[in-house]
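Input: a single structure, listed below in structure tokens.
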């Protein structure tokens, strides 16, 4: 049986190499052992999907007031130099109102803008790894089941939204709005690749720097079981998240550490799109695939290290 990926917008050389990889390591390969299946690992955001699931859920939590604001631990996690007190003061003005009533008030608009701006500023100054960990920490006081429910609502909303920037203003006269990137889509090309790998006996995992409980319900839409998702986890006490992360945190060098801990063997294939995925991609035994989002450093490293390079896929609207 000939192994074929649907062409879609794959670079032909990349497509052919992936087909050969599946032929060599999958069920049709001479060395295939169903008791020791080949491992394929994928980053999630901007690799399997367009955009960032963690940020999509985070924006939803901001907009829908879905944090445990009553906990001092929550507020203490936000650095004071990122307008923490401004956010809190405006939240206090709406805290006892139903969400639909709160959204009509100026205090809500100010809360929403300043909260979003604070985390964009923190993202810019501290980097993606710090922000992703803080996002998970701000789930303090929720149970895993509660976060899964929030994530499902947020993801369904994001998948129904147009892909683009949304302006967030504190009033209609606000001439300096914050912009948030909305709209999430699953790349059909990657869904095809995952399905083909699974069909031919690969054990496919997601290794993400986002919260595990956000990505799990989303990964299931691609046919990946929740127990095949590795992501940031927070320690649980009395059924609720604390603000203490479980090591290793799967970002940068933490990704290979997490693979060793939770999978126990090296992958033969790894796909990613960011510098946070480099260690995982270098750790794989055979083929690494870079989804090229325009980072010149990664473009250079991909040449040096012999990675496959696939430009970002065309979006299905």
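Numbering (my numbering), first residue to last: 100 to 416.
For glycine and all other residues, C-beta sits at the position ideal for the given N, C-alpha and C.
A quick note: this is a predicted structure, and the numbers were derived from the prediction, not measured.
> Is it right to say residue 379 is buried, meaning 16 or more other beta carbons lie within 10 angstroms of its own, or is it exposed?
Replying inline: Within the chain shown, residue 379 is the residue found at index 280, counting from 1. With 16 or more other Cβ atoms within 10 Å, it is buried.
>> I need the DSSP call for residue 333, collapsed to helix, strand or coil.
In response: Taking the first residue of the chain shown as 1, we reach residue 333 at position 234. DSSP, reduced to helix, strand and coil, places residue 333 within a strand of the structure shown.
> Which residue from 230, 261, 212, 110 puts its Cα closest to that of residue 331?
Replying inline: On the chain shown, residue 331 is found 232 positions in, with the first residue counted as 1. Ranking the options by Cα distance to residue 331, first place goes to 230.
> If we cut at 9 Å on Cβ distances, does residue 101 have a partner in chain D?
Replying inline: The chain inventory of the structure shown lacks chain D, comprising one protein chain alone.
>> Measuring straight from C-alpha to C-alpha, what distance separates residue 225 and residue 140?
In response: Residue mapping note: residue 225 aligns to position 126 of the chain shown, counting from 1. Residue mapping note: residue 140 aligns to position 41 of the chain shown, counting from 1. Cα-Cα distance, rounded: 27 Å.
>> I need the straight-line Cα distance from residue 373 to residue 388, nearest angstrom please.
In response: In the chain shown, the residue the question calls residue 373 occupies position 274. In the chain shown, the residue the question calls residue 388 occupies position 289. Looking at the two C-alpha atoms, the distance is approximately 11 Å.
> So who's on the other strand from residue 409, going by DSSP bridges?
Replying inline: Counted from its first residue, the chain shown places residue 409 at position 310. Answer by DSSP bridge pairing, in chain order: 390.
> Of the residues 340, 179, 253, which one's Cα is nearest the Cα of residue 241?
Replying inline: By 1-based counting over the chain shown, the position of residue 241 is 142. It is 340.
> Can you tell me whether residue 288 is buried or exposed, with buried defined as 16 or more other CB within 10 angstroms of its CB?
Replying inline: Stepping through the chain shown from its first residue, residue 288 is reached at position 189. Looking at its Cβ environment, which holds 16 or more other Cβ atoms inside 10 Å, residue 288 is buried.
> Can you tell me the Cα-Cα spacing of residue 160 and residue 166, whole angstroms?
Replying inline: As a position in the chain shown, residue 160 is number 61, starting the count at 1. As a position in the chain shown, residue 166 is number 67, starting the count at 1. Whole-angstrom Cα-Cα distance: 6 Å.
>> Can you give me the C-alpha to C-alpha distance between residue 292 and residue 351, rounded to a whole angstrom?
In response: The count along the chain shown starts at 1 and reaches residue 292 at position 193. The count along the chain shown starts at 1 and reaches residue 351 at position 252. Annotation: residue 292 to residue 351 spans about 24 Å, alpha carbon to alpha carbon.
> Looking at the structure shown, is residue 310 part of a helix, part of a strand, or coil, going by DSSP?
Replying inline: Within the chain shown, numbered from 1, the residue matching residue 310 stands at position 211. Three-state DSSP puts residue 310 in a strand.
>> Closest to residue 150 by C-alpha separation, out of 323, 314, 101, would be which residue?
In response: Reading the chain shown from its first residue, position 51 is the one you call residue 150. Nearest to residue 150 by alpha-carbon distance, out of 323, 314, 101, is 314.
> Run through DSSP, which three-state label would residue 243 get?
Replying inline: Stepping through the chain shown from its first residue, residue 243 is reached at position 144. Helix, per DSSP.
> Given a threshold of 16 other Cβ atoms within 10 Å of its Cβ, counted over all protein chains shown, does residue 333 qualify as buried or as exposed?
Replying inline: Locating residue 333 in the chain shown gives position 234, counting from the first residue. Classification for residue 333: buried.
> Are residue 304 and residue 329 touching if we call contact CB-CB under 9 Å?
Replying inline: Counting from 1 along the chain shown, the entry for residue 304 is found at position 205. Counting from 1 along the chain shown, the entry for residue 329 is found at position 230. Yes. Within cutoff.
> residue 281 lies in the beta strand (DSSP E); which residues open and close that run?
Replying inline: The residue labelled residue 281 in the question sits at position 182 within the chain shown. Taken as a continuous stretch (DSSP letters only), the beta strand (DSSP E) holding residue 281 covers 277-281.
>> Once DSSP output is grouped into helix, strand and coil, what is the label at residue 355?
In response: To locate residue 355, count along the chain shown from 1; it is residue 256. DSSP, read as helix, strand or coil, puts residue 355 in helix.
> Sorted by chain position, which residues of the same chain lie with C-beta nearer than 8 Å to residue 264's C-beta, five sequence neighbours on each side aside?
Replying inline: Your numbering for residue 264 matches position 165 in the chain shown. Within the same chain, 278, 279, 280, 281 come within 8 Å of residue 264 by CB-CB distance, once the 5 residues on both sides are set aside.
>> Quick check on residue 371: buried or exposed, where buried means 16 or more other Cβ atoms within 10 Å of its Cβ?
In response: Taking the first residue of the chain shown as 1, we reach residue 371 at position 272. So residue 371 ends up on the buried side.
>> I need the DSSP call for residue 320, collapsed to helix, strand or coil.
In response: Numbered from 1 along the chain shown, position 221 holds the residue referred to as residue 320. Under the three-state reduction of DSSP, residue 320 is assigned to helix.
> Does the beta-carbon distance from residue 234 to residue 342 come in below 9 Å?
Replying inline: By one-based count along the chain shown, residue 234 stands at place 135. By one-based count along the chain shown, residue 342 stands at place 243. It is not a contact, given that the beta carbons lie outside the stated cut-off.
> Can you tell me whether residue 190 is buried or exposed, with buried defined as 16 or more other CB within 10 angstroms of its CB?
Replying inline: Walking along the chain shown from the start, residue 190 turns up at place 91. By the Cβ neighbour-count rule, residue 190 is buried, with 16 or more other Cβ atoms within 10 Å of its own.
>> I'd like the ranges of any beta strand (DSSP E) spanning at least 3 consecutive residues and lying wholly in the region 154-178.
In response: Within the region 154-178, no run of beta strand (DSSP E) at least 3 residues long lies entirely inside it.
>> With DSSP as the reference, identify every bridge partner of residue 371, one or two as the case may be.
In response: As a first step, residue 371 must be located in the chain shown, where it is residue number 272. Residue 371 is bridged to 389.
>> Which same chain residues end up closer than 6 Å to residue 301 when comparing Cβ atoms and leaving out the 5 residues on each side of it in sequence?
In response: Position 202 of the chain shown, counted from the first residue, corresponds to residue 301. Excluding residues up to 5 positions away in sequence, 137, 139 lie with their Cβ nearer than 6 Å to the Cβ of residue 301 in the same chain.
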